[in-house]
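Protein chains in written order, with the UniProt record's numbering: chain A, 1 to 293; chain B, 1 to 375; chain C, 1 to 420.
All C-beta atoms, glycine included, are put in the ideal place defined by N, C-alpha and C.
I have placed the structure first, in the form of structure tokens, so that the comments after it can refer back to it.
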Amino acid sequence: MEKFVQLVVDGLSTGSVYAALALAIVLVHSATGLVNFAQGGMAVLAAYVAWVLTNQGVPLILAILASIIFSFLLGAVLERFLMRRFERGDPDTAVVVTIGLLTLITGIAGWLWGYNNQQFPSLFPLDTVSVLGVSVSIRSLGTTLVIVVAMVAMQALFAGTKLGLALRAVAINPQSAGYSGLPVERLLMVGWGLAAVLGAVAGALVAPQLTLTPGMLDSALVYALAAVILGGLTSPVGVVVAAWLIGVLENLAAVYVGFIGFDLKVAVPFILIFVVLIVRPQGLFGRKTVVRV
Amino acid sequence: MASSSKTSAPTTPAPASSAAASSASSFRQRPWVRWGAPLLLVVGLAVLPLVMTESANDTLARIGVFAVAVLGLNVVMGYTGQVSLGQIFFLGLGAYVTAYGVQSGWNIGLVFVLTCFIPAVVGLLVALAAARLGGLAIAMVTIALPIVGVPLAKRLSEFTGGSQGLSARFVAAPEGSGLYDDQWQLYIVLVIGGIVFLLTYFLVRGKYGRAFAIVKGNENVASSMGISPYRYKVLAFTIASLIGGVSGFLYMVVVQYTSPETMSFGHSIELLVAMVIGGAGSIVGSLLGGVFYVVVPDITNAIDPSLTALLQGALLLAVLFVLPGGLVSLPRAVMRGLRRSSTGRGSAAPPTTPSSTSGSGTAAEPTETERQGSA
Amino acid sequence: MNRHFGSRQAVGIAAVSALALTLTACGGGRDSGRSGDAAEGAPSPGITDDSVTLGITTPLSGATAGPGTCTVAGVTAYFGMKNAEGGVEFGDGQTRTVEIEALDDTYDPQQAAANYDSLKDDVFAMTAGLGTPTNRAWREAAIADEVPQALIMTGDPLFSDTEESPWQLGFVPIYQNEGEAFGELLASSSEEHRVAILSQNDDFGAGYVEGFKSAVEGADNIEIVEELTYEATDTSVDAQITQLAASDADVFFNAMSVTPLVISALQQAQQLNWLPNWFLPSNTSSPGAILQPGGADAFPGIYSVSFSKAPQSPAFAEDEDVQTYLSALAEYGNYPDPPAFPHCQWSWMVGATLEQAFMEMEEPTRDSFMEALRSIEDFQAPLMLEGTAVTTSEDGQPAVSTLNVQKYNGTGYDTVESFE
Chain A
1 MEKFVQLVVD GLSTGSVYAA LALAIVLVHS ATGLVNFAQG GMAVLAAYVA WVLTNQGVPL
61 ILAILASIIF SFLLGAVLER FLMRRFERGD PDTAVVVTIG LLTLITGIAG WLWGYNNQQF
121 PSLFPLDTVS VLGVSVSIRS LGTTLVIVVA MVAMQALFAG TKLGLALRAV AINPQSAGYS
181 GLPVERLLMV GWGLAAVLGA VAGALVAPQL TLTPGMLDSA LVYALAAVIL GGLTSPVGVV
241 VAAWLIGVLE NLAAVYVGFI GFDLKVAVPF ILIFVVLIVR PQGLFGRKTV VRV
Chain B
1 MASSSKTSAP TTPAPASSAA ASSASSFRQR PWVRWGAPLL LVVGLAVLPL VMTESANDTL
61 ARIGVFAVAV LGLNVVMGYT GQVSLGQIFF LGLGAYVTAY GVQSGWNIGL VFVLTCFIPA
121 VVGLLVALAA ARLGGLAIAM VTIALPIVGV PLAKRLSEFT GGSQGLSARF VAAPEGSGLY
181 DDQWQLYIVL VIGGIVFLLT YFLVRGKYGR AFAIVKGNEN VASSMGISPY RYKVLAFTIA
241 SLIGGVSGFL YMVVVQYTSP ETMSFGHSIE LLVAMVIGGA GSIVGSLLGG VFYVVVPDIT
301 NAIDPSLTAL LQGALLLAVL FVLPGGLVSL PRAVMRGLRR SSTGRGSAAP PTTPSSTSGS
361 GTAAEPTETE RQGSA
Chain C
1 MNRHFGSRQA VGIAAVSALA LTLTACGGGR DSGRSGDAAE GAPSPGITDD SVTLGITTPL
61 SGATAGPGTC TVAGVTAYFG MKNAEGGVEF GDGQTRTVEI EALDDTYDPQ QAAANYDSLK
121 DDVFAMTAGL GTPTNRAWRE AAIADEVPQA LIMTGDPLFS DTEESPWQLG FVPIYQNEGE
181 AFGELLASSS EEHRVAILSQ NDDFGAGYVE GFKSAVEGAD NIEIVEELTY EATDTSVDAQ
241 ITQLAASDAD VFFNAMSVTP LVISALQQAQ QLNWLPNWFL PSNTSSPGAI LQPGGADAFP
301 GIYSVSFSKA PQSPAFAEDE DVQTYLSALA EYGNYPDPPA FPHCQWSWMV GATLEQAFME
361 MEEPTRDSFM EALRSIEDFQ APLMLEGTAV TTSEDGQPAV STLNVQKYNG TGYDTVESFE
């Protein structure tokens, strides 16, 4: 029983890593209607910026704040000067552009900082608290807490603020949003900027655990995408829950389902997606969207 | 004429009189040109392996392998509009079937049939489930194929050689042919690849291609026309898997080795990139996609091997920034530029410009395909 | 109709541009690779009277770029230093500079084979490349073309089998050797031990486990209580550690090659208060890059095997070898930081071993090179630990087959003779 609970806790902690990246992907999707493969790459770039600053003696929290500002500008600039050309075109092309962006950013990070694993200081101590025989690290708790805060903030942004509604309106139909007087182009830039900010937070949270390398978030990306689809593209709460679910079920399946084991546990999120989407095509928490013709 | 071809319903033939608009096209219409040009192409391809260097032959053969893989992806994605991130799995499966068959000493003809059949059946089974989903969900289910395929290949080490992979050198040039191995391999790739391209060309120009295009355009419209989107999605996916299997056979002809890394998920993404860069929904685009897939890593290696990722990313973005419709739209883009600079008259503008239509370059060819098929 | 011809015209343009790209991409000499049998004693490709060119295909981008970059940096730095001193004196009396041509294969076997194809006519020998599948992909082609595939970075035993691989030789110990070395140490312990195993799900992990098991087979003080695997692409091994901790083993045999996963495994075990003796392979036991961030001091013993000095270890900070190496790496290898991967050291030793072979080869031919390469006995390469040496004449063994078992002392490693 103790082992079971520990596996659940471990799964939640791994799931939080996926959730951090997934939230950023959902934000950019909600704001621009696009799945951004480069989100992880941008987060890594932000983490490198913070890392370089801490090496210069800047306190960690200030370094992360600086990387957040950097990310907002980076996101906005990328939207304005790169993505805009593809936003009204074929969505497949736009997705491929984000793949190209991921390759480029990874290459730049490798060029500037090499492929050595770099130690990234953690915001939270590595101490452990023990509850009923189950160990939880303060770091996992802290990460989870920040993610929950980000999730609530995002939910509030889209549900309750003018900016959030405007962002969503632009994503759903940029043309009619423009007709109703919304500054569409600026909103798209803000959407990308905010998503990059969330990515920067995610990067700073997971870099201590994964260690900083140009490809740090590459394997997390697939899980994050799975969480995004499973949770429903429109719901921050949904993707976080989905990410945790994936992390936990993966662990439990690996340990308790003989033929899956640790080598095929990667199949779990996909089986889950398939089963859930057959029943609920809009995802666990997603809104039903009307298909545009 | 330009606007008519864009807006007319796919099944409406365009007025025949408008076809022969310029003197250039009437020249191209002459029978000896119509038959001579492809003949010239075939002869050129037959001579090419004999006159090129060994490494040029190798490169061309690898282009053939991945052009076929991209072509398969185009059938399901470019023509039918279903995002598939699993194409490399079928290439890997085909390669494994080939390697295993060759190592077991089976007849090579049987091996080839199996490399078509097994991936097609697996593709069919996956599609029966996956085609119930749409949009991004189908992307996630197909992405699972390479991601689960890699550990699965390791687990089935009895058949796959585990992570050490399988070697099979089975395509030495026959005695007495006077050919070098690289020439013989290239001939095999040209013949098999050529047949696959030809068959696919007829497929997408025929009634199945029309149905694919309608399913891609709007599934509700398809249903109302009595075309079952589900059935055609399954069909397209199965054909794509079969073509993927063939590319796996060619992979073994050229590379002669396969391992779980062959079907790693990153390569599936690269195939998608190659398809879009070449030109989605285009036969020629598939070929150009194969060229991009193979030649770009070689070029970036030649420039600076330690900056390959950076250069590849930059190159990809540069190409799409200039040609959002892919490399296949280059001639049109150039022509447009030339006409604009020489005459400045709007009437000569080409029928569709990939960047301005909502469906981009992908929409252009299927539409034209319909007209061609029914004309 | 004209659209139809538009696309046909595109076919032609596509074919021509494909051809043009191909021809520019590979300007190799006409048919040079096809002839195969040159006149006896005539120089092989890639070697002239004053220079020799070596080829490397290795991952320089992607997930394995870290160690991959190192495999190029070490040997490039070594010969950069030698070239600056005037070059290497070969056995035929000529002094030659050594040039390295490295290409990126992103750990893709197909690209590795393509890289080999494009290099084989211009280089004298291939060397130092990282990876099992990426080296296997062109092994048979290298045999057919009679191109040396010398001192490569894989512990796959196939490359050390002279019968199967006449033109190949691995450099690093085969994985089985490393596992075996630790197994023997453990089996000689006077106490009973319960062992938990976690290994990478590929030939790397399987090789370690195979070697370990063969060494402890029949030792009645050793019981293997739990055995799990992980994938190199996993982001976490916490669940495995949790399950292994529940077995309450007192020895943990951890055949892992992914740096962040080793660090987080060390941390997770501490969080669960599972503190076994811990074995790590030679490529993931760096004191500075792994053990200190992982808080390895908490464990009673961290054991590893090695044949090279660790530049991060204070024990070797003043070592002359290490200082020469680090300054050459920065100056000629384009690698300013002290490397986190031992592959840089190994690659440096590859350079020194190649130099030995060059000094012995009597003709500028690949045949003569392979003969010289296979007759090195007990060569103490720079950076090698005492008690280890390069010996290439033993069939079935790579260039390095002797290993020291070491124990972590809080800052670096000490060689140990017994398990305590």
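Taking 8 Å as the CB-CB limit, is residue i close to chain B?
i, result
"residue 201/C", "yes"
"residue 140/C", "yes"
"residue 132/C", "yes"
"residue 264/A", "yes"
"residue 84/C", "no"
"residue 160/C", "no"
"residue 298/C", "no"
"residue 337/C", "no"
"residue 234/C", "no"
"residue 374/C", "no"
"residue 25/A", "no"
If we define contact as Cβ-Cβ less than 8 Å, is residue i a contact residue for chain C?
i, result
"residue 162/A", "no"
"residue 336/B", "no"
"residue 251/A", "yes"
"residue 210/A", "yes"
"residue 101/B", "no"
"residue 56/A", "no"
"residue 12/A", "no"
"residue 169/A", "no"
Out of the options, which has the shortest C-alpha to C-alpha gap to residue i?
i, options, result
"residue 219/C", "247/C, 233/C and 187/C", "187/C"
"residue 311/B", "17/A, 169/A and 104/A", "104/A"
"residue 217/A", "206/A, 226/A and 190/A", "206/A"
"residue 304/B", "49/C, 96/C, 46/C and 61/C", "61/C"
"residue 223/A", "241/A, 51/A and 234/A", "241/A"
"residue 114/A", "45/A, 188/A and 270/A", "45/A"
"residue 53/A", "67/A, 79/A and 214/A", "67/A"
"residue 165/B", "171/B, 84/B, 154/B and 138/B", "154/B"
"residue 268/B", "189/B, 147/B, 236/B and 208/B", "147/B"
"residue 279/B", "250/B, 246/B and 320/B", "320/B"
"residue 227/B", "244/B, 209/B and 273/B", "209/B"
"residue 376/C", "90/C, 142/C, 383/C and 389/C", "389/C"
Quick check on residue i: does DSSP put it in helix, strand or coil?
i, result
"residue 348/B", "Residue confidence for residue 348/B is low, a pLDDT of 40 falling below 50, so the modelled location carries little weight and cannot support an answer."
"residue 216/B", "helix"
"residue 407/C", "strand"
"residue 168/C", "strand"
"residue 149/C", "strand"
"residue 81/B", "coil"
"residue 265/B", "helix"
"residue 228/C", "strand"
Determine, for residue i, whether the minimum Cβ-Cβ distance to residues of chain A falls below 8 Å.
i, result
"residue 46/C", "no"
"residue 159/B", "no"
"residue 140/B", "yes"
Could you tell me whether any non-hydrogen atom of the ligand SAH is closer than 7 Å to the CB of residue i?
i, result
"residue 290/B", "Of ligands this structure carries none, so the ligand SAH is not represented either."
Interfacial residues, the region 298-318 of chain B to chain C, with Cβ spacing under 8 Å
Within the region 298-318 of chain B, the residues whose Cβ lies closer than 8 Å to some Cβ of chain C are 298, 299, 300, 301, 302, 305, 306, 308 and 309, listed in chain order.
Give me the subset of the region 90-124 of chain C whose CB atoms are less than 8 Å from a CB atom of chain B, sorted by chain position.
Look at the region 90-124 of chain C: the residues with a C-beta under 8 Å from a C-beta of chain B are 102, 103, 104, 106, 107, 108, 109, 110, 111, 113, 114, 115, 117, 118 and 121.
The region 97-125 of chain A: which residues have C-beta closer than 8 Å to a C-beta of chain F, in chain order?
Considering every chain present, this structure includes no chain F. Its protein chains are A, B and C.
Beta carbons nearer than 7 Å to chain A: which residues of the region 239-271 of chain C have them?
239, 240, 242, 243, 246, 259, 260, 263, 264, 267 and 271
Taking Cβ-Cβ distances below 9 Å as the criterion, which residues of the region 235-268 of chain B are in contact with chain C?
251, 254, 255, 256, 257, 258, 259, 260, 261, 262, 264, 265, 266 and 267
Counting only Cβ-Cβ distances shorter than 9 Å, please list the residues of the region 116-132 of chain B near chain A, keeping chain order.
Going along the region 116-132 of chain B in chain order, one finds 129, 130 and 132 with a Cβ nearer than 9 Å to chain A.
Within the region 67-122 of chain C, note down every full beta strand (DSSP E) run reaching 3 residues or more, in order along the chain.
95-104
What alpha helix (DSSP H) runs, 4 residues minimum, are completely inside the region 140-165 of chain A?
none
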